[in-house]
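Notes follow the structure.
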Amino acid sequence: MTKYYKLACAMLVWLRLKNLAYQTGQTIYKIKHNLLSNYLIQPLKRPDVQMYLV
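Under the numbering used here, the first residue of the sequence shown is numbered 4, with each subsequent residue one higher.
Given below as structure tokens:
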């Protein structure tokens, strides 16, 4: 049963990305790249653990 939930989730995400791509005029891959890029850059801009130089 678990694999069906994963498949259903993946299909819902794909449909949402497709809808966003249609609305913005971008490709699905460009939207996905921007989302992942923003997700990875965010912790670098505002880290949870503050670093102090001694």
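By construction, the Cβ of each residue, glycine as well, lies at the ideal position given by its N, Cα and C atoms.
Expected contact under 8 Å - CB spacing of residue i and residue j to nearest Å
i: K35; j: L20; result: 6 Å
Which of helix, strand or coil DSSP assigns to residue i
i: M14; result: helix
i: Q26; result: helix
i: R49; result: coil
i: L56; result: coil
From the options, residue whose alpha carbon lies closest to that of residue i
i: Y32; options: Q45, V16, P46, L47; result: V16
i: A24; options: A11, Q53, L38; result: L38
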